[in-house]
Amino acid sequence: MLRTIDNQSGVVSETHYDQSYSSSCSTSGIASCYATAGMPLYTEKRLNGELISKAINELGTVTTYAGGKFAYIKDSYEDSYVFGSDGLSTRVGSTHTSSSYDKYGNVTEQVVTQTNLSDAMELKTTTTNDYGSDATMLRMGRLLFTTVTKERT
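Take any residue in the sequence shown, count from 1 to its spot, add 34: that is its number in our numbering.
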């Protein structure tokens, strides 16, 4: 865990990183276990002990075109808070980000769903990237085109 304190604002940030090795590693493969080492699992920020933001990450790995492992944040769940006049924090929104990568480490799709908890309105943004089929262009991460769609519910 890494803890930082902003001396000016008093905000305390804590981030927990993937450092564990468990028996599940033997079933998922050693390379998959160590590929995610050092990646953030959980972050929270507090002011006067009250939560002002938090994020929980689910990690994923992709086997690369060269046979190695590429680690990434597969899903991220973030909550945002505001302070009331009583000095207490209240959760006001959440954001879920889901990402998919190809074997070259390129983002192929990202879906971001933002929810306003006061009225339960959602904004869903889906970004789809196409890199073509040329291996050189894929390795370099050169986009052919991107499609972005937005939905409000």
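Note that the Cβ used here is the ideal one computed from N, Cα and C, for glycine as well.
Exposed unless 16 or more other CB atoms sit within 10 angstroms - verdict on residue i
i     : result
ASN91 : buried
Pick from the options that is closest to residue i, judged by C-alpha positions
i      : options                        : result
VAL146 : ASN41, THR160, SER114          : THR160
VAL182 : THR129, ASN163, MET171, ARG173 : ASN163
ASP52  : ALA105, GLN148, MET171         : ALA105
TYR115 : LYS137, MET155, HIS50, ALA89   : ALA89
ILE107 : GLU84, GLY101, TYR76           : TYR76
GLN144 : TYR135, SER87, ARG173          : TYR135
VAL141 : LEU85, MET174, MET155, ASP120  : MET174
Own chain partners of residue i with C-beta closer than 6 Å, once the 5 adjacent residues on each side are dropped
i      : result
ARG186 : LEU157
VAL45  : LYS79, LEU81
LEU36  : THR49
GLY72  : TYR51
SER87  : LYS79, SER114
Spatial neighbours of residue i in its chain, beta-carbon cut-off 8 Å, leaving aside the 5 residues before and after
i      : result
ALA169 : TYR99
GLY121 : ASN82, GLU84
GLY127 : ASP113, SER114, GLN148, THR149, ASN150, LEU151
TYR138 : THR98, TYR99, TYR165, LEU172, ARG173, GLY175
CB-CB length for residue i against residue j, believed under 8 Å
i      : j      : result
THR124 : GLU112 : Between GLU112 and THR124 the Cβ distance is about 16 Å, and since that is not below 8 Å, they are no contact.
THR38  : PRO74  : Actually they are not in contact, since the Cβ atoms of THR38 and PRO74 sit about 13 Å apart, beyond 8 Å.
ASP109 : SER132 : 5 Å
Cutoff 8 Å: residue i Cβ touching any chain C Cβ
i      : result
GLY121 : Protein chains in the displayed structure number just one, and chain C is not present.
*Which ranges does the alpha helix (DSSP H) cover as unbroken runs of at least 4 residues, wholly within the stretch 115 to 183, from first to last along the chain?*
Correct list: 169 to 174.
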